[in-house]
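Trainee: Here it is, the structure in full.
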Amino acid sequence: MEHKKGKLTGIGVGPGDPQLLTVKALRAIEACDMAVFPGEDPKETVAYKIVEQVYPQLGDKELLAVPMPMTKDPEKLEKSHKEGADRIAGCLEEGKNLVFLTLGDPTVYSTYLYVHKRLLEMGYQAEIISGITSFCAVAARLNIGLVEKAQQLHVIPASYQIEEALKLEGTKVLMKAGRKMKQVKEILRTQGDEVYMIENCGMANEKIYYGADEIPEDAGYYSLIIVKERV
Numbered sequence: 458m459e460h461k462k463g464k465l466t467g468i469g470v471g472p473g474d475p476q477l478l479t480v481k482a483l484r485a486i487e488a489c490d491m492a493v494f495p496g497e498d499p500k501e502t503v504a505y506k507i508v509e510q511v512y513p514q515l516g517d518k519e520l521l522a523v524p525m526p527m528t529k530d531p532e533k534l535e536k537s538h539k540e541g542a543d544r545i546a547g548c549l550e551e552g553k554n555l556v557f558l559t560l561g562d563p564t565v566y567s568t569y570l571y572v573h574k575r576l577l578e579m580g581y582q583a584e585i586i587s588g589i590t591s592f593c594a595v596a597a598r599l600n601i602g603l604v605e606k607a608q609q610l611h612v613i614p615a616s617y618q619i620e621e622a623l624k625l626e627g628t629k630v631l632m633k634a635g636r637k638m639k640q641v642k643e644i645l646r647t648q649g650d651e652v653y654m655i656e657n658c659g660m661a662n663e664k665i666y667y668g669a670d671e672i673p674e675d676a677g678y679y680s681l682i683i684v685k686e687r688v
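Last residue of the sequence shown: 688 in the numbering used here, with the numbers rising by one and none dropped.
And the structure:
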């Protein structure tokens, strides 16, 4: 009789507010054999702290840490993605069903996608459960719309060159500015557009900024900027 392998499910836990965790996500977490977290210590990850607030039994599950370094070095990334996929594959071989918990939605600039693709190539089952994206949550928190009628929406990784992207028509969402926040702020100040930023949206330490001048240059990693054309 052939040994039944486990399945991996990548779950978006939303941007920070635990009440934005979907029912489908919560049920999958409750049913899993093991929960995987991108970090050195599962219980110290933001994803764990979000889910624990609505599902305190998470700490009773078997937890697996998959370190994902914040780097653009292709060799270091390749090494961490391979090691993470191999670690998960070992658990799947034991027939365990795993959930990989990640912020926001797993399909948007998520580290989960790297192991997801690898495991599919290795012949394992892997699926995705959507989470509420940070830019939708930020717009809702600001009580504004992102786009209307024929307006375009552009989601831009702000840690790369953004000058040309900011010339696009419509609404621009700037994600993951990180250490380039100073440069991003200077560019936005010359644009004349409406600028909003929320740091740690939906979390206890949430901060809202209106206008490029208000944005702190040392803003944290979980900061998202919305740039809207003035009408």
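For every residue, glycine included, the Cβ atom is placed at its ideal position computed from N, Cα and C. In this text, all values refer to a predicted model and were calculated from it rather than measured experimentally.
Is the separation between the beta-carbon of Leu610 and that of Gly627 shorter than 9 angstroms?
Mentor: Yes, the pair counts as a contact, with Cβ atoms nearer than the cut-off.
Trainee: One question on the structure: do Leu465 and Val556 come within less than 9 angstroms of each other, judged by their Cβ atoms?
Mentor: Yes, Cβ-Cβ distance for Leu465 and Val556 is below 9 angstroms.
Trainee: Just tell me which of Lys637, Leu483, Gln582 has its CA closest to the CA of Lys553.
Mentor: Taking only the C-alpha atoms, the option nearest Lys553 is Gln582.
Trainee: Taking the CB atoms as reference points, tell me whether Thr559 and Ala504 lie closer together than 9 angstroms.
Mentor: Yes. Within cutoff.
Trainee: Return the CA-CA distance between Val511 and Glu651, expressed in angstroms with no decimal places.
Mentor: For Val511 and Glu651, the distance between alpha carbons rounds to 35 angstroms.
Trainee: Checking 9 angstroms against the spacing of the C-beta atoms, do Pro563 and Ile585 come in under that value?
Mentor: It is a contact, given that the beta carbons lie within the stated cut-off.
Trainee: Which class does Met632 belong to by DSSP, given the choice of helix, strand or coil?
Mentor: Met632: strand per DSSP, three-state reduction.
Trainee: Measure the Cβ-Cβ separation of Ile655 and Leu681 and say whether it is below 9 angstroms.
Mentor: The answer is yes: Cβ separation under 9 angstroms.
Trainee: Let me know if Lys481 comes out buried or exposed under the rule of 16 or more other beta-carbons within 10 Å of its beta-carbon.
Mentor: Burial call: exposed.
Trainee: On the three-state DSSP scale, how would you describe Leu465?
Mentor: The answer is strand: DSSP assigns Leu465 an E or B state.
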